[in-house]
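Taking it in order: structure first as structure tokens, then the write-up.
There are 2 protein chains.
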Amino acid sequence: MLFRINFKSGKPAYLQVVDQVKAAAASGELRPGEALPSIRPLAEELHLNRNTIAKAYAELESLGVIESLPGKGCFLSQNHSPLRKEIRRKLLIEEIDQAIVMAHHLQVPGPEFLELIQERLDALEEKRRAHESHKEG
Amino acid sequence: MLFRINFKSGKPAYLQVVDQVKAAAASGELRPGEALPSIRPLAEELHLNRNTIAKAYAELESLGVIESLPGKGCFLSQNHSPLRKEIRRKLLIEEIDQAIVMAHHLQVPGPEFLELIQERLDALEEKRRAHESHKEG
DNA sequence: ATAACTGTCCTAGTGTCATAGGACAGAGGG
DNA sequence: CCCTCTGTCCTATGACACTAGGACAGTTAT
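Protein chains in written order, with this note's numbering: chain R, 776 to 912; chain D, 776 to 912.
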């Protein structure tokens with residue numbers, strides 16, 4: 776598990792951590808129940824204040840991605856997203872529409888757009904398979 | 776052309792305008808060369824300061840979506856996105872990955888995700904056809 | 001020229017965000 | 001108990017984002 780902060784990206788450090796944990800969860804790099812790096816060591820490793828990491832973890836907990844047990848540590852949740860199905864669908868549609876509008880604006884035609892999506896889905900699936908075999912084999 | 780600002784969304788007003796103009800351009804509601812509402816009247820209509828609209832338009836110009844001619848007005852560009860193809864592809868991939876990670880996190884399975892995308896693409900296409908016929912017929 | 005319109009720049013106020021350090025509370029090993 | 005680890009809360013500070021009003025410059029019609 777390796778995080779990297781891009782200090783010149785303009786994106787807040789704590790949000791970068793949030794995104795990277797989410798991505799790690801999606802790719803299987805982090806598995807349900809697994810412990811995340813504890814706040815202080817990770818903060819030191821990334822040259823951030825502990826509260827910056829704490830804020831990221833708090834955000835992740837509010838999203839249902841992780842659970843934090845004071846005194847023990849933070850762990851990846853079993854069941855993500857406590858939201859109702861219609862809400863989840865609505866959120867996802869917003870995200871999709873944003874990508875579609877960007878594709879149009881970048882003049883990427885529909886077929887190429889779909890191809891790109893399939894490509895990324897495949898890439899993710901491959902990552903997941905790789906992590907499966909690492910930890911089960 | 777109708778804009779609506781959601782004041783309790785937390786999203787800055789000028790960004791809401793940016794998104795709505797981009798969406799209007801993608802859906803064909805706004806066509807290349809067409810004039811956008813001028814800054815002051817639109818600001819008054821939306822109960823915003825002129826500079827809030829001006830900032831939105833400036834952002835859109837920097838993105839290549841519109842062109843503003845001082846003294847004349849703002850107009851939708853012919854050719855969006857002055858960026859090189861690899862850059863555009865990279866930007867789009869970031870957006871797509873974000874949607875994919877969200878789909879995973881919301882526990883929306885791959886096929887349903889693709890279905891949703893197709894659905895939104897179709898919806899956009901229908902809008903575009905509707906605007907075609909309105910303005911050509 | 002005047003007036004009414006267009007967008008733009010400058011500057012200031014206000015608030016929120018991101019980050020940081022100190023102190024506190026629960027868990028577990030000597 | 002004592003110490004060290006865990007996460008959490010409170011507070012403060014610095015920076016930046018958003019908004020706002022005044023003054024300016026280009027365009028067009030009268």
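Ideal Cβ positions, reconstructed from N, Cα and C, are used throughout, including at glycine. Please read these numbers as outputs of a predicted model, since none were measured by experiment.
Anticipated Cβ contact below 8 Å, residue i with residue j, distance rounded
i                     : j                     : result
residue 811 (chain R) : residue 851 (chain R) : 7 Å
residue 899 (chain D) : residue 802 (chain D) : 6 Å
residue 842 (chain R) : residue 836 (chain R) : 6 Å
C-beta neighbour in chain R for residue i, strict 9 Å
i                     : result
residue 893 (chain D) : yes
residue 804 (chain D) : no
residue 840 (chain D) : yes
residue 912 (chain D) : Any reading at residue 912 (chain D) needs caution, since the residue's pLDDT is 46, under 50, leaving its predicted position unreliable; the model's value is listed next. It does not; no Cβ of chain R falls within 9 Å.
residue 785 (chain D) : no
residue 834 (chain D) : no
residue 831 (chain D) : no
residue 863 (chain D) : yes
residue 847 (chain D) : no
residue 779 (chain D) : no
residue 868 (chain D) : yes
residue 814 (chain D) : no
residue 828 (chain D) : no
Alpha-carbon to alpha-carbon, residue j and residue i
i                     : j                     : result
residue 798 (chain D) : residue 881 (chain R) : 13 Å
residue 808 (chain D) : residue 902 (chain D) : 19 Å
residue 839 (chain D) : residue 795 (chain D) : 15 Å
residue 860 (chain D) : residue 909 (chain R) : 36 Å
residue 804 (chain D) : residue 872 (chain R) : 16 Å
residue 876 (chain R) : residue 886 (chain R) : 14 Å
residue 806 (chain R) : residue 907 (chain R) : 10 Å
residue 894 (chain D) : residue 904 (chain D) : 15 Å
residue 874 (chain D) : residue 897 (chain D) : 18 Å
residue 867 (chain R) : residue 782 (chain R) : 29 Å
residue 912 (chain D) : residue 792 (chain R) : Interpretation of residue 912 (chain D) is limited by its pLDDT of 46, a score under 50 that renders its predicted location unreliable; no figure is taken from the coordinates.
residue 870 (chain R) : residue 865 (chain D) : 17 Å
residue 846 (chain D) : residue 858 (chain R) : 50 Å
Same chain, Cβ closer than 7 Å to residue i, five either side skipped, listed in chain order
i                     : result
residue 825 (chain D) : 814, 815 and 818
residue 878 (chain D) : 888
residue 821 (chain R) : 778 and 780
residue 800 (chain R) : 840 and 851
residue 785 (chain R) : none
8 Å Cβ shell around residue i - same chain, five flanking residues per side excluded
i                     : result
residue 863 (chain D) : 856
residue 883 (chain R) : 891
CB contact below 9 Å: residue i versus chain D
i                     : result
residue 855 (chain R) : yes
residue 885 (chain R) : yes
residue 791 (chain R) : no
residue 818 (chain R) : no
residue 904 (chain R) : no
residue 907 (chain R) : no
residue 822 (chain R) : no
residue 788 (chain R) : no
residue 851 (chain R) : no
residue 916 (chain R) : For chain R, the structure presents residues 776 to 912; residue 916 (chain R) sits outside this window and is missing.
residue 858 (chain R) : yes
residue 888 (chain R) : yes
residue 844 (chain R) : no
Residues of its chain near residue i, where Cβ-Cβ distance is below 6 Å and the 5 sequence neighbours each way are ignored
i                     : result
residue 789 (chain D) : 827, 830 and 831
residue 849 (chain R) : 811, 832, 841 and 843
residue 787 (chain D) : none
residue 823 (chain D) : 788
residue 853 (chain D) : 807
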